[in-house]
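This report concerns only the one structure given below.
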């Protein structure tokens with residue numbers, strides 16, 4: 002399109018990485034602080050707001066792409082309304098933009114599908130993967146199709162360890178195991194069970210604002226900051242994460258069992274109730 006200073010629409014509350022460009026795309030000032038000057042050309046809009054995306058496009062002809070997480074992870078496990086990704090796909094198609102999805106946290110069967118965008122039947126132009134792709138071995142991938150696949154030419158970009166044959170072989174083995182073990186279906190079933198049990202145990206507890214999830218990517222949102230729960234949970238034998246100050250993020254391994262689901266719910270119930278009662 003011969004755009005001299007191309008821009009990308011990104012969302013508030015997002016997290017895309019810690020290298021300079023992905024840090025600049027991230028919608029969290031706390032993470033960006035201390036790394037200025039940031040890369041210019043990112044237009045930030047509220048997550049789950051299609052109208053805002055369209056408005057930015059109307060006033061900024063330099064926009065060439067939209068970059069979002071299908072589910073915001075670090076920002077609090079925020080699941081968009083049904084139709085959000087389809088709406089983005091439609092806007093991008095109408096305006097000639099690329100749709101780029103960051104599936105680093107949501108991909109590789111985590112949400113009950115191979116990729117979270119499949120819940121809406123959306124196919125992006127660009128997709129990024131990592132984390133579960135290597136099952137603990139460090140690997141990242143940037144997948145592109147159609148016109149997006151021709152933006153980079155061989156040799157135009159790279160990194161010291163890009164294309165590493167060892168980790169690529171590991172990723173192929175991981176893909177084989179996920180496929181043979183039907184881990185997407187497993188994550189969907191276990192996630193539904195875990196979500197139901199969390200709601201049963203904690204849904205009506207004062208101080209619990211929301212319990213949400215898709216597959217084995219879940220969150221328990223409290224009405225107050227709860228960073229101290231990290232240590233309490235560890236002492237009780239479970240590993241959790243707290244994001245956005247007051248959201249307990251749960252990302253159980255895909256090999257989780259029904260009995261481990263029950264154990265997690267029971268222990269988390271005890272830890273959360275004790276924390277909330279103390280805070281009153």
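Numbering (my numbering), first residue to last: 2 to 281.
The C-beta atom is built at its ideal place from N, Cα and C for all residues, glycine as well.
Could you spell out where the alpha helix (DSSP H) holding residue i opens and where it closes?
| i | result |
| --- | --- |
| residue 118 | No alpha helix (DSSP H) contains residue 118, which DSSP labels as neither H nor E. |
| residue 183 | Premise fails: residue 183 is in no alpha helix (DSSP H) and is neither H nor E. |
| residue 57 | 51-60 |
| residue 87 | 85-96 |
| residue 129 | Per DSSP, residue 129 belongs to no alpha helix (DSSP H); it is in the beta strand (DSSP E), 127-130. |
| residue 145 | Element bounds for residue 145: not the alpha helix (DSSP H) but the beta strand (DSSP E), 142-145. |
| residue 30 | 30-33 |
| residue 21 | 21-26 |
On a CA-only basis, which of the options is nearest residue i? Give me that one, please.
| i | options | result |
| --- | --- | --- |
| residue 209 | 142, 199, 30 and 218 | 199 |
| residue 124 | 250, 86, 37 and 218 | 86 |
| residue 145 | 104, 111 and 161 | 104 |
| residue 37 | 26, 44 and 57 | 26 |
| residue 225 | 5, 217, 243 and 122 | 243 |
| residue 19 | 29, 249 and 192 | 29 |
| residue 229 | 212, 220, 248 and 217 | 248 |
| residue 21 | 13, 32, 12 and 14 | 32 |
| residue 167 | 157, 138 and 156 | 138 |
| residue 99 | 2, 233, 111 and 204 | 2 |
| residue 253 | 96, 111 and 131 | 111 |
| residue 231 | 219, 217, 213 and 250 | 250 |
| residue 207 | 279, 170, 81 and 66 | 279 |
| residue 46 | 126, 9, 163 and 219 | 9 |
| residue 80 | 61, 184, 201 and 121 | 121 |
| residue 39 | 51, 23 and 50 | 23 |
| residue 66 | 43, 49, 48 and 203 | 43 |
| residue 169 | 140, 182, 183 and 187 | 140 |
| residue 91 | 130, 57, 163 and 51 | 51 |
| residue 126 | 260, 143 and 113 | 143 |
| residue 165 | 246, 82 and 135 | 135 |
| residue 189 | 205, 218 and 34 | 218 |
| residue 82 | 227, 277 and 213 | 213 |
| residue 186 | 147, 113 and 158 | 113 |
Grab the span of the beta strand (DSSP E) containing residue i for me, first residue to last.
| i | result |
| --- | --- |
| residue 66 | 64-69 |
| residue 213 | 209-215 |
| residue 5 | First-last for residue 5: undefined, no H or E at that position. |
For residue i, count the other beta carbons within 10 Å of its own beta carbon; 16 or more makes it buried, fewer makes it exposed. Which is it?
| i | result |
| --- | --- |
| residue 133 | buried |
| residue 1 | Absent from the structure is residue 1, since the part of the chain shown begins at 2 and ends at 281. |
| residue 15 | buried |
| residue 256 | exposed |
| residue 161 | exposed |
| residue 201 | exposed |
| residue 1 | What is shown of the chain runs 2 to 281, which leaves residue 1 out entirely. |
| residue 77 | buried |
| residue 88 | buried |
| residue 64 | buried |
| residue 4 | exposed |
| residue 220 | buried |
| residue 12 | buried |
| residue 182 | exposed |
| residue 258 | exposed |
| residue 6 | exposed |
| residue 180 | exposed |
| residue 106 | buried |
| residue 223 | buried |
| residue 159 | exposed |
Give the DSSP bridge partners of residue i, in chain order.
| i | result |
| --- | --- |
| residue 227 | Answer is none; residue 227 lacks a bridge partner. |
| residue 250 | 220 and 242 |
| residue 79 | 73 |
| residue 102 | 69 and 128 |
| residue 43 | 9 |
Taking 8 Å as the threshold (beta carbon to beta carbon), is residue i in contact with chain B?
| i | result |
| --- | --- |
| residue 234 | Structure shown: chain B not included; a single protein chain is present. |
The stretch 233-243 contacting the stretch 265-275, beta-carbon criterion three pairs below 8 Å: Judged by Cβ distances under 8 Å, the stretch 233-243 makes contact with the stretch 265-275, as three or more pairs qualify.
Contact the stretch 187-203 vs the stretch 151-162: 3+ CB pairs below 8 Å: The stretch 187-203, when compared against the stretch 151-162, does not touch it at the 8 Å Cβ threshold.
Contact the stretch 54-74 vs the stretch 100-118: 3+ CB pairs below 8 Å: The stretch 54-74 and the stretch 100-118 touch, with no fewer than 3 CB-CB distances between them shorter than 8 Å.
Stretch pair the stretch 167-183 + the stretch 79-98: three plus CB contacts closer than 8 Å: Counting Cβ pairs under 8 Å, fewer than three are found: no touch.
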